[in-house]
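The opening residue of the sequence shown carries number 1 in this note's numbering; numbering runs sequentially from there. Below you'll find the structure, written out as structure tokens, and then a few comments.
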Amino acid sequence: MKTRLTLLLLALGMGAAQAAEWRVVLLKPPGCTSCMFVEELLKRRAQLREAVLEDGAGGRVTAAIERRASSALSPQEWNELSALPWFDAKAWLRQAEARNAQVLLKRDGVVVSGGDIAESADLRMARFPDSVTTPNPGDDVQASREARTNFASELYLRTWNLNWFYRLALDPSIVGARRGAGPLLATASPLEAALGQANVMLMSTASGAADNEIFNALRIEEIRGVLAQSLSFDTKNLHVFYGSGAPQGANALEVRNGQLELVRRNVDGARPFTPETAARIFQSIRARPGSRNLMVLVGHGSPEGAGMWGSPLPLSPTALRDLHEHGGGDDVLVSGNCFGGVMARTMSCGFFGARPDIVATGCQADAVEVAQSRDYLHIFFSGLVPGARRLVDADGDGAVSFAEAHWYASKEGDVRNITYTSVDALADAWFEANAASAPQSLTVQDVLALADAGTVPEARTLRDLLTGYAPDLTVTLNDLASQAASWKPGAGPRPQVAQLARRLLFKKSAKEGREELSRLQACENRPVASFLQP
């Protein structure tokens, strides 16, 4: 199949494209919201029956448009799509499940390109206006959200296009360039204040006031207090990125008198976490070789990444990895975001309140609920307080490591969460590569036997989570997202057990990738206080 694709690309490069039969297949499943935008943009461009596809260099072909009222693909179409060098099966299936508008581009009946229509627009430099991100305090919340939706809708209609899929067929390498951080780094300067040897970045992942619940401000202030008071961290090296930076206007959501309101809720010393700011952070890291940097993401996340102020696009895993590699620092990421595990391979190592395919608890707009929350970030950082250290310090060496704080938050935090680390990403990859031979389930007795393959905090967490369960009870190791959605307290072991069992089975069984595993474990096992010493 890949040989056929290579021959196709050679033919395209030799100018044979115009003689071919081109066809755009629009996949329009029932309930597809974005499909309405696709039809509107085609109407505006007079392309209802056929489209003229341009390569950006003066070349063009005409393609018939076929509409299909489903996301279903034939086995042949799936095989042809899967053979494309940039194809991400997980992303495609996630888009189909979300009922997004997907596109197939065929040449002479063979799939040569495809994807979500939203991928066709390069919105990395697009920004919402201040009127959308920072409305007036007291404005109607629903009206504010509608204004954001309306602006985004017009943005999609101006920028979505079918040319992207034609250009992708001609040059598959453009995928990497589109998802990277190059345009941001090209013009970014370092932050005004030089970084120290050890630094902390607290980043609120909201795109505007309408999705910046006061959870973000309260949790950032709590984490800053813990680091300053419990670890004596010098706050001049602690940088807060939150809100809008504008002197006026609402920048958050809060429940007041039982009603959700747009309010002004500032955090001292904060600047907005915009795409430009993200690039500046890593330019500063690059300017301080050898620095150690703790980065904390607080707020909303999605399968595509973490929100940024004023941006219609999230900070993607690819872009964050580009930024990290550009900076060259020793960067540890701690994230409470929903779907936070999508960032598992972006930093030196990372710790997450949620797998890449599930939501996390948190992000409340009610201050009372925030105070009562046992979300991942709250438990993770409360484990650094002196009074809690004896509960967190699993190996009794007197210091709390990142891994110990993570496993403490995994065990003592909200029972609905399935936490994740960079090592879990390796384990998931191993399970995928060994799907035919890796176990689908284990008994409690077999899971407990894996504890010997784990570190002290891993083993202690596993034993605590399985206390009281019958040895012959079955633990299912697959489809953890479905387990998370359906599990309720009292329904058996938490799905977190299956996640930990997968991790330990990988560590015990995998023969390849041992060097990477060792590196990640060494990163995870460092004491937090030592990492943050100047």
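We put the beta carbon where it would ideally sit given N, CA and C, even for glycine. In this text the structure is predicted, and so the values were computed from the model without any measurement.
query, result
"Ala405 to Ile65, Cα distance in whole Å?", "54 Å"
"Considering only residues of the same chain and omitting the five flanking positions on each side of Arg389, which have a CB-CB separation below 7 Å?", "Val400"
"Within 10 angstroms of its Cβ, does Lys507 collect 16 or more other Cβ (buried), or is it exposed?", "buried"
"In chain order, which continuous runs of the beta strand (DSSP E) of length 3 or greater are located wholly inside the region 192-248?", "198-205 and 238-241"
"Give the DSSP-derived three-state secondary structure of Lys507 in the structure shown.", "helix"
"Given a cut-off of 8 Å on the beta-carbon distance, is the pair Ser113 and Ala57 in contact?", "no"
"Tell me the DSSP bridge mates of Lys106?", "Arg23 and Val111"
"What residues are listed by DSSP as bridge partners for Phe352?", "Ser335 and Tyr420"
"Can the beta-carbon of Val497 be found closer than 8 Å to that of Pro471?", "no"
"So Ala394 is in the alpha helix (DSSP H); what residue range does that whole segment cover?", "Element bounds for Ala394: n/a, residue is neither H nor E."
"Looking only at its chain, what residues have a beta carbon closer than 6 Å to the beta carbon of Phe561, apart from the 5 residues adjacent to it on each side?", "There is no way to answer for residue 561, as the model of the chain reaches only from 1 to 534."
"Tell me the DSSP bridge mates of Gly299?", "Thr205"
"Could you pull out every residue in the same chain whose Cβ sits closer than 8 Å to the Cβ of Val141, ignoring the five residues on either side in sequence?", "Ala210, Leu253, Leu260, Glu261 and Leu262"
"Can the beta-carbon of Val423 be found less than 8 Å from the beta-carbon of Gln521?", "yes"
"By DSSP, does Asn525 sit in helix, in strand, or in coil?", "coil"
"Less than 8 Å separating the beta-carbons of Phe273 and Ser204?", "yes"
"Are Gly541 and Ala360 close, meaning C-beta to C-beta below 8 Å?", "The structure shown does not extend to residue 541, since the chain is modelled only from 1 through 534, so no value can be given for it."
"Between the Cα of Glu369 and those of Arg503, Cys338, Val385 and Asn216, spot the shortest distance and give me the residue it belongs to.", "Asn216"
"Give every residue of the same chain whose Cβ lies closer than 7 Å to the Cβ of Arg60, excluding the five residues on either side of it in the sequence, and list them in chain order.", "Val52, Leu53 and Glu54"
"My guess is that Arg127 and Gly310 are in contact by the Cβ rule of under 8 Å, so how many angstroms apart are they, rounded?", "5 Å"
"Compare the Cα-Cα distances from Ala118 to each of Val332, Leu26, Gly269 and Tyr242 and report the closest residue.", "Leu26"
"Between which two residues does the beta strand (DSSP E) harbouring Ile65 extend?", "Arg60 to Arg68"
"Rounding to the nearest angstrom, what Cα-Cα distance links Glu304 and Met343 in this structure?", "10 Å"
"Which class does Arg494 belong to by DSSP, given the choice of helix, strand or coil?", "coil"
"Roughly how many angstroms lie between the CA atoms of Ala101 and Phe339, to the nearest whole one?", "22 Å"
"What does DSSP give as the partner residue(s) for Ser401 in the beta ladder?", "Pro527"
"Which residues share a DSSP beta bridge with Leu262?", "Leu253"
"Would Trp164 be called buried (16 or more neighbouring beta carbons within 10 Å of its own) or exposed?", "buried"
"Considering only C-alpha positions, which residue in the set Asn79, Asp116 and Leu315 is nearest to Trp92?", "Asp116"
"Looking at the secondary structure, which residues open and close the beta strand (DSSP E) in which Val52 lies?", "Glu50 to Glu54"
"Could you give the distance in angstroms between the alpha-carbon of Asn237 and the alpha-carbon of Ala198?", "7 Å"
"Do Ala409 and Thr419 count as a contact pair if the criterion is CB distance below 8 Å?", "yes"
"Return the chain-ordered ranges of every alpha helix (DSSP H) run that is complete within the region 406-493 and spans a minimum of 4 residues.", "422-433, 444-449, 456-465 and 480-486"
"Out of Ala246, Val111 and Ile223, which has the shortest C-alpha to C-alpha gap to Pro129?", "Ala246"
"Short of 6 Å in beta carbon distance, which residues of its chain neighbour Leu48, apart from the five on each side in sequence? Order them along the chain.", "Leu42"
"Leaving out five residues on either side along the sequence, give the residues of the same chain with a beta carbon under 6 Å from the beta carbon of Ala11.", "Reliability of the predicted coordinates at Ala11 is poor, the pLDDT of 48 falling under 50, and the value obtained from them is presented with this limitation in mind. So the list is empty, once near-sequence residues are dropped."
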